[in-house]
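Working notes, beginning with the structure itself.
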Amino acid sequence: MTIQKRTCRRCVLHTDIPGIILDDDGICPHCRKYDTFKEHEPRLKKYLTEEMEQLFESVKRQTLLYDAIVLFSGGKDSTILLKMVKEKYNLRPLAFSVMHPLVNELASQNMERVATALNVDLIKYSVDHEVYRRVMRHGINHAADYGLGEFFGCDICSFFHSWIPVRYAIKLGIPIILEGSDSSQTGEISYGQGGKVRADVAKGIKPFGKIHELVSDALGDSYKGSIYDFCADEIVNGLYPSIISPFTFLPYDFRKNFQELENIGLESKKFRSIYTNCSATPFFSYFSIKRFDCVSYIKHYATEVRNGYPNLMQLSVDGSENSSGLNKELVQDMMTEYKNVVLHVVENKLRPETIDDIGKETLRQLAPNYIRVFGKEVCDVLLDDVLQITHHAEYFGVELENLGE
1 MTIQKRTCRR CVLHTDIPGI ILDDDGICPH CRKYDTFKEH EPRLKKYLTE EMEQLFESVK
61 RQTLLYDAIV LFSGGKDSTI LLKMVKEKYN LRPLAFSVMH PLVNELASQN MERVATALNV
121 DLIKYSVDHE VYRRVMRHGI NHAADYGLGE FFGCDICSFF HSWIPVRYAI KLGIPIILEG
181 SDSSQTGEIS YGQGGKVRAD VAKGIKPFGK IHELVSDALG DSYKGSIYDF CADEIVNGLY
241 PSIISPFTFL PYDFRKNFQE LENIGLESKK FRSIYTNCSA TPFFSYFSIK RFDCVSYIKH
301 YATEVRNGYP NLMQLSVDGS ENSSGLNKEL VQDMMTEYKN VVLHVVENKL RPETIDDIGK
361 ETLRQLAPNY IRVFGKEVCD VLLDDVLQIT HHAEYFGVEL ENLGE
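One point on numbering: in this note's numbering, the residue at position 250 of the sequence shown is 250, and numbering is uninterrupted.
Following this line, the structure appears as structure tokens:
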């Protein structure tokens, strides 16, 4: 017997998504958690701001190679974070960029521009292509075995972006890792105390959960002891860094960031989020659509609806700094359009090198709300990414027709 899908009365999450069970009032767990947390949010934000600033002052009294690692993607948020860490808090940061094979050229160029403009040291760590392919391919095929849901592609990719800098931080004795997500991206306040992670590992709880097992299963014994491996003794007996996302609890107006970039001599156009996002998002969304009837980023959309934030892609459009939040019905319509475009591209095996202007116009006609909200320029960038789905499938060695169900 097939259970009919039900959607939360307040946001866009539905019961085909792993972990989404509606209560008797038709409300999802994320909306209930939001209601419970909202009352305490101001006090918690104040407490964590003070705790972070005390941690910064404590670190500055030590003689360290670097006070903190800043996870640096080449986008606007991590750029603003790096500037804040150096100029407002007077820390000695190390910008750390993990260059997996799907990092686009613009993001890579931004890393160099920002490091030069802010006079900070930069490490660009290139992940072995075969390692990346094997791990991602295993995740595509077996995500459910490790408890991963609709966001599996980004969850696995985030492992590389976070775990490698963690291993560096432990080896170099750097006590803090900072990253630039805000609450619309994380869905909650993010402040991970290093001491708690050490205590959890001593109890057998790994910092990235079953993704450690996924990576180990994908790579095999030959990668034991490598930077991708997990060593409990290293964590329990070492200094595990506190991992903090300051913009999830500090006052943060993302609409003012573009002016901040101009103020440090950087061209804000090069940091518009639509140009620095990963091009593989539609590829991973294909599997989420087939398995869970949703796009990969549905929880981000839900957070934006819940909080009344503008959708992040609106901030990629000139003049969009004044954008208003999107309502539930419009977001649902746009997600449906996104799904239709992705499925049309896969079913017709469309590629950027084979599609003509008529074919592109057909795709645009499938997404009228997207074009109305975001504009043709942003939508054409998204279409270019969708047309890469077949290329990504070939890169990772997967058959789209036989997967996703």
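Where is the CB? At the ideal position from N, CA and C, for every residue including glycine.
Values in this document were obtained by computation on a predicted structure and should not be read as measured data.
Evaluate residue i with the Cβ neighbour count: other Cβ atoms within 10 Å of its Cβ, from every protein chain shown; 16 or more gives buried, anything less gives exposed.
i: I17; result: buried
i: D318; result: Unreliable positioning characterises D318 in this predicted model, as indicated by a pLDDT of 47, which lies under 50. The coordinate reading is nonetheless provided below. Exposed: under 16 other Cβ atoms inside 10 Å.
i: S320; result: The predicted position of S320 is uncertain, since its pLDDT is 47 and thus under 50; a value taken from the coordinates is nonetheless stated next. Per the 10 Å Cβ criterion, buried.
i: N348; result: exposed
i: V236; result: exposed
i: T36; result: exposed
i: A95; result: buried
i: Y47; result: exposed
i: P42; result: exposed
i: G74; result: buried
i: T63; result: exposed
i: Q314; result: Confidence is the limiting factor: at Q314 the pLDDT is only 44, short of 50, which leaves the residue's position unreliable, though a coordinate-based value still follows. Classification for Q314: buried.
i: D233; result: exposed
i: K339; result: buried
i: K171; result: exposed
i: N263; result: exposed
i: H40; result: exposed
i: H138; result: buried
DSSP three-state label for residue i, please.
i: S359; result: Sequence inspection shows Gly at residue 359; the Ser mentioned does not correspond to that position. In this structure, G359 counts as helix in the three-state DSSP scheme.
i: S242; result: strand
i: A143; result: helix
i: D384; result: helix
i: A367; result: coil
i: S226; result: coil
i: R351; result: coil
i: F396; result: helix
i: N327; result: coil
i: D24; result: coil
i: D293; result: coil
i: A280; result: coil
i: E39; result: coil
i: K203; result: coil
i: F56; result: helix
i: F374; result: helix
i: Y132; result: helix
i: N237; result: coil
i: I389; result: helix
i: C231; result: coil
i: D247; result: It is Phe, not Asp, that sits at residue 247 in the sequence shown. Of the three classes helix, strand and coil, the one that applies to F247 here is helix, per DSSP.
i: G19; result: coil
Is the beta carbon of residue i within less than 6 Å of some heavy atom of the ligand ATP?
i: Y191; result: Absent from the structure shown: the ligand ATP. Ligands present: none.
Give the DSSP bridge partners of residue i, in chain order.
i: K124; result: S97
i: T7; result: H14
Give me the Cβ distance between residue i and residue j, rounded to the nearest whole Å; I'm assuming they're in contact under 8 Å.
i: E420; j: Y146; result: Because the chain here runs from 1 to 405, residue 420 falls outside it and cannot be looked at.
i: P246; j: I174; result: With 8 Å as the limit, P246 and I174 do not qualify as a contact, their Cβ atoms being about 16 Å apart.
i: I389; j: F283; result: 5 Å
i: A68; j: L91; result: 5 Å
i: C11; j: G26; result: Actually they do not touch by this definition, with Cβ atoms about 11 Å apart.
i: I176; j: V98; result: Their Cβ separation, rounded to whole angstroms, is 17 Å, which puts I176 and V98 out of contact at 8 Å.
At a Cβ threshold of 7 Å, is residue i touching chain E?
i: I371; result: Any reference to chain E falls outside this structure, which holds one protein chain only.
Next item on the list: Could you tell me which uninterrupted beta strand (DSSP E) segments, each at least 3 residues in length, are contained entirely in the segment 59-114, listed from first to last along the chain?
Entry: Counting only runs of 3+ residues, the beta strand (DSSP E) found wholly inside the segment 59-114 occupies 68-71, 93-99, in chain order.
Checklist line | Those runs of the beta strand (DSSP E) which lie wholly inside the segment 147-200 and span at least 3 residues | finding: 176-178
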